[in-house]
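Novice: From first to last, the protein sequence lines are chains B and E. For the first sequence, counting from 1, position 101 maps to 1252 in our numbering; every step adds exactly one. For the second sequence, counting from 1, position 136 maps to 1287 in our numbering; every step adds exactly one. Cβ atoms here follow ideal geometry from the backbone N, Cα and C, with glycine treated the same way. Sharing a structure here in structure tokens format.
There are 2 protein chains.
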Amino acid sequence: MTISTDRNQQFQQLNRLIKDIDAGMLTTVDDDGSLHSRPMFTNNEIDSDCAIWLFTYASSHKVVEIEHCQQVNLSLSSSEQERYISISGSAQLVKDRNKLQQLWKPELQTWFPKGLEDPDIALLKVKINKADYWDSRTKFQPQTIS
Amino acid sequence: MTISTDRNQQFQQLNRLIKDIDAGMLTTVDDDGSLHSRPMFTNNEIDSDCAIWLFTYASSHKVVEIEHCQQVNLSLSSSEQERYISISGSAQLVKDRNKLQQLWKPELQTWFPKGLEDPDIALLKVKINKADYWDSRTKFQPQTIS
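Structure, rendered in structure tokens:
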């Protein structure tokens, strides 16, 4: 996908906003319509396809939820920096050893003790449709990137 | 609603977990199925009806979303304390001057500059159906309260 310069600049701005925030909460929709969230570690970077990548276990319940409903929200917050970010997008499971190796960081060991040796380890690719953010610099007026 | 002693104890535990976390991200579902979140300030307390209360503007888009789909998720995270909480519930708008006065805190002025004088200020009552939490004490194994 080729993105316009304007959108590219907006996503570069989003990259700067998420740079220092390692953990987010990923919300998914269950079959009964209820919404669940759980902590997820990001690689703090949006790629050229406007996607953010998250490590997961392929057998986890959220992957079943995502198979049934791709819509997700990743919220990132830093109370010290008074910054709050909402990323709306669609998620898909990706099992790609090269990508896993490329994105792995030692900090992930806390959540994935067996690391890349775990046969269940996989990635969620969240394609970003829209992002909103609030911070003290803009007096908490919502700013939208879409 | 009368809740069982077990459940009561579990919600007391949840009260302790959320006590020091002022801001959460509330996720709602829009008409097209997309998920949005935004920062919300809590009063750090779950009441005897197993509900948590949040300040809002009655005219905000999230209230429209909630009128169409009551299911919400409130995620609370504290990276310093390494604690992450997911609260799944159903939300409803409540316009009750007494309740607003009872729950108002000066810190809310940042988000509601006109305070309780604003005719648009209202509350969201989130009735909790299920909560999950992760923290370093339980080695980030998910714990469920439902």
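1) Taking Cβ positions only, does E/Ser-1226 come closer than 9 Å to chain B?
2) Hey, how far is the Cα of E/Trp-1255 from the Cα of E/Ala-1282?
3) Taking the alpha-carbon positions, what's the E/Asn-1241 to B/Ile-1217 distance?
4) B/Leu-1205 lies in the beta strand (DSSP E); which residues open and close that run?
5) Using the beta-carbon count (16 or more within 10 Å), is E/Ser-1237 buried or exposed?
6) Kindly say whether E/Cys-1201, judged by its beta-carbon, lies nearer than 9 Å to any beta-carbon of chain B.
7) Give me the Cα-Cα distance between B/Thr-1153 and E/Gln-1292, rounded to the nearest whole angstrom.
8) If you draw a straight line from the C-alpha of E/Pro-1151 to the C-alpha of E/Asn-1249, how long is it?
9) If you run the structure through DSSP and keep just helix, strand and coil, what is B/Phe-1162?
10) Going by other Cβ atoms of all chains shown within 10 Å of its Cβ, with 16 needed for buried, is E/Leu-1267 buried or exposed?
11) Taking 8 Å as the limit between beta carbons, can you name the residues of its chain near B/Leu-1274, skipping five residues before and five after?
12) Please confirm whether B/Ser-1226 and E/Ser-1230 have their CB atoms less than 9 Å apart.
13) Return the CA-CA distance between B/Phe-1162 and B/Ala-1202, expressed in angstroms with no decimal places.
14) Could you spell out where the beta strand (DSSP E) holding B/Thr-1197 opens and where it closes?
15) Any chance you could list the beta strand (DSSP E) runs of at least 3 consecutive residues sitting entirely within the segment 1245–1288 of chain E, in chain order?
16) Beta-carbon separation of B/Asn-1195 and B/Asp-1171 under 9 Å?
17) Which same chain residues end up closer than 6 Å to E/Tyr-1235 when comparing Cβ atoms and leaving out the 5 residues on each side of it in sequence?
18) At the level of alpha carbons, what is the spacing between B/Asp-1271 and E/Gln-1232?
19) Consider the Cβ of E/Arg-1288: report whether some Cβ of chain B lies at a distance smaller than 9 Å.
20) At 7 Å on the CB atoms, spell out the chain B contacts of E/Phe-1291, in chain order.
21) Under the three-state reduction of DSSP, which class applies to E/Ile-1217: helix, strand or coil?
22) Does the beta-carbon of B/Arg-1158 have 16 or more other beta-carbons within 10 angstroms, so that it is buried, or is it exposed?
Specialist: In terms of the structure at hand:
1) yes
2) 25 Å
3) Here residue 1241 of chain E is Ser; the residue named in the question, Asn, does not match the sequence. The alpha-carbon atoms of E/Ser-1241 and B/Ile-1217 are separated by roughly 21 Å.
4) For B/Leu-1205, the enclosing beta strand (DSSP E) begins and ends at 1202–1208.
5) buried
6) no
7) Confidence at B/Thr-1153 is low in this model, with a pLDDT of 48, below 50, so the placement of that residue is unreliable and no value is reported for it.
8) Lying outside 1152 to 1297, the shown extent of chain E, residue 1151 of chain E is not represented and no answer is given.
9) Helix, per DSSP.
10) exposed
11) Trp-1204, Leu-1205, Phe-1206, Thr-1207, Leu-1244, Val-1245, Lys-1246, Asp-1247, Lys-1250, Leu-1251, Leu-1254
12) no
13) 10 Å
14) The residue asked about is misnamed: residue 1197 of chain B is Ile in this sequence, not Thr. 1186–1197 is the span of the beta strand (DSSP E), which, as asked, contains B/Ile-1197.
15) Within the segment 1245–1288 of chain E, the complete beta strand (DSSP E) runs of at least 3 residues are 1272–1286.
16) yes
17) The beta carbon of E/Tyr-1235 is closer than 6 Å to those of Ser-1228, Trp-1285 in its chain, skipping five residues each way along the sequence.
18) 28 Å
19) no
20) Here the neighbours are Thr-1261, Trp-1262.
21) helix
22) exposed
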